[in-house]
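Structure record follows, encoded as structure tokens.
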Amino acid sequence: MSSWRVLRGWPARRWVAAALSAVATVLVVGVPTVLVPNPVFGREVAVTWWAWPALAVTAVLSGLLMASYVRHPATLSAAPSRAGLVGGFLTYLAVGCPVCNKLALLALGYAGALRWFAPVQPLLAVAGVALLLYALHRRLAGEIACPSPTASAT
2 MSSWRVLRGW
12 PARRWVAAAL
22 SAVATVLVVG
32 VPTVLVPNPV
42 FGREVAVTWW
52 AWPALAVTAV
62 LSGLLMASYV
72 RHPATLSAAP
82 SRAGLVGGFL
92 TYLAVGCPVC
102 NKLALLALGY
112 AGALRWFAPV
122 QPLLAVAGVA
132 LLLYALHRRL
142 AGEIACPSPT
152 ASAT
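Structure (structure tokens):
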């Protein structure tokens with residue numbers, strides 16, 4: 002059984018958790034990076050064409066990953082992994098303004114952030130999505146590999 006088929010058996014509360022987590026991810030990443038316009042944060046460099054698709058994929062995968070932690074009586078999930086957290090953080094760095102990132106600005110300066118950090122951002126987005134996919138696959142595979150006994154079986 003494919004680990005992705007586990008999603009078909011999810012109860013409604015997991016899907017609600019996935020949707021809420023996806024929206025929360027968009028807000029947590031999108032507001033400070035100004036993908037979601039707001040009066041609190043500013044952005045020096047325009048949003049790239051790939052930032053919203055990267056954030057959308059990250060939000061969906063993060064939502065599904067977070068929902069996999071919602072208790073489901075028929076399964077026992079695998080242990081938590083740091084891959085999802087690192088993947089989300091990489092996406093945050095990827096979609097943010099390269100000169101608004103204080104670490105990049107301190108390490109590389111304004112021109113260096115534009116010249117060296119900005120071109121790497123799409124790679125950070127790909128790496129972030131890959132880590133989220135890996136973490137989600139591990140969580141879903143754990144639901145197949147470690148099923149807990151059901152109430153009717155005892």
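The sequence shown begins at 2 in our numbering and counts up by one.
Ideal Cβ placement from N, Cα and C applies to all residues, glycine included.
Given the structure is predicted, the values throughout are model-derived calculations rather than measurements.
#1: On a Cα-Cα basis, can you pick out the residue from T92, V96, F118 that is closest to L104?
#2: Which of the three DSSP states is assigned to T34 in this structure?
#3: Counting only the same chain and skipping the five closest in sequence on each side, list residues whose C-beta sits under 8 Å from that of S4.
#4: Do you know offhand how far G31's Cα is from L62's?
#5: Just to confirm, is the Cβ distance from V35 to G43 under 8 Å?
#6: Taking A157 as the reference, which of L65, L124, A95 has the closest Cα?
#7: If the criterion is Cβ atoms closer than 8 Å, does the pair P99 and A114 meet it?
#8: Which whole-angstrom value describes the C-beta separation of L21 and G88, a residue pair presumed to lie in contact below a C-beta threshold of 8 Å?
Here's the rundown:
#1: F118
#2: coil
#3: H138, L141, A142, E144, I145
#4: 15 Å
#5: yes
#6: Absent from the model: residue 157. The displayed extent of the chain is 2 to 155, so no value can be given.
#7: yes
#8: At roughly 19 Å, the Cβ-Cβ gap does not stay under 8 Å, so L21 and G88 are not in contact.
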